[in-house]
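Structure first, then comments.
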Amino acid sequence: MAEEQVKGGPVVIPESVLKKQKRNEEWALAKKQELMSLKKKNAENRKLIFCRAKNYAKEYEEQQRELIQLKREARLKGGFYVSPEAKLLFIIRIRGINAIDPKTKKILQLLRLRQIFNGVFLKVNKATINMLHRVEPYVTFGYPNLKSVKELIYKRGYGKLNHQRTALTDNSVIEQALGKHGIICIEDLIHEILTVGPHFKEANNFLWPFKLKAPLGGLKKKRNHYVEGGDAGNREDFINELIRRMN
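Note that my numbering has the sequence shown beginning at 516, numbered continuously upward.
Quick look at the structure:
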């Protein structure tokens, strides 16, 4: 440590202060460079996200046009068009915990439907269909369309980041969790869920179960199956109407 010289002479700055100044300058420079690189990356990401969203919108429009064309052709030939089997399900729990047997309770836990009016997306396969048969009186399910998937994710979408429920307010939240799978924005997430893509499992696990409100206008009779005028079980495309009332 240096000391003060004779009165009126130059003041020697302590070495520790000089080191601190140098360290602070280095930190400031590193922070500036980091901000610059982040700004550059965000600008590139915005362009990429815009292009992807544009391509997805074009893809959805083409699919819709193709569907209309196929229906028209079938009608002209005197037949009717049968849609291909759905790949995506949306399940909503409509009953509570009263008089529920352990096996059913376990299946509902595996489906991540722990509360009444919770909703989750599921891939259609033999295993999920068998599970749904076991819990049919407690849930209602069907095939969501693009509008339903978009509205659910945009309005009630929460992600699982570091085991915490995080609101999808920024694309960086999605990129942080799913960037390694090429999913960097909310439009990527919607596309992956809707088309049941190769990383559907990761994308669906990232999404926290949707906490929906009680349906506007109420339920008819949740103890009865949908085909009997109730609410439980498979309602196919009519799930979209229920999603509108609960979102």
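Beta carbons: idealized from backbone N, C-alpha and C, even for Gly. Just so you know, these numbers come straight off a predicted model, no measurement behind them.
Whole angstroms are fine: how far does the CA of residue j sit from the CA of residue i?
i	j	result
residue 571	residue 616	44 Å
residue 684	residue 562	19 Å
residue 739	residue 665	30 Å
residue 645	residue 619	12 Å
residue 542	residue 548	10 Å
residue 760	residue 591	36 Å
residue 661	residue 690	22 Å
residue 611	residue 633	11 Å
residue 630	residue 762	16 Å
residue 737	residue 748	10 Å
residue 537	residue 688	35 Å
With a threshold of 16 other CB atoms inside 10 Å of the CB of residue i, please say whether the residue is buried or exposed.
i	result
residue 527	exposed
residue 552	exposed
residue 582	exposed
residue 795	Outside the displayed range of the chain (516 to 762) lies residue 795, so it cannot be described from this structure.
residue 545	exposed
residue 525	exposed
residue 529	exposed
residue 700	buried
residue 532	exposed
residue 680	exposed
Give me the residue from the options with the minimum Cα distance to residue i.
i	options	result
residue 765	706, 715 and 723	Since the displayed the chain opens at 516 and closes at 762, residue 765 lies outside it and no answer follows.
residue 686	678, 702 and 679	702
residue 578	626, 550 and 709	709
residue 743	716, 652 and 669	652
Which same chain residues end up closer than 8 Å to residue i when comparing Cβ atoms and leaving out the 5 residues on each side of it in sequence?
i	result
residue 746	609, 655, 734, 735, 736, 737 and 739
Original post:
Taking three-plus beta-carbon pairs below 8 Å as touching, is the region 589-598 in contact with the region 627-646?
Top reply: no
**OP:** Determine contact between the region 692-701 and the region 599-606, defined as no fewer than three beta-carbon pairs at a distance below 8 Å.
**Re:** no
Original post:
Can you find at least 3 beta carbon pairs, one from the region 749-762 and one from the region 646-657, that sit closer than 8 Å?
Top reply: yes
Original post:
Is there contact between the region 663-682 and the region 724-741, where contact requires at least three CB pairs shorter than 8 Å?
Top reply: yes
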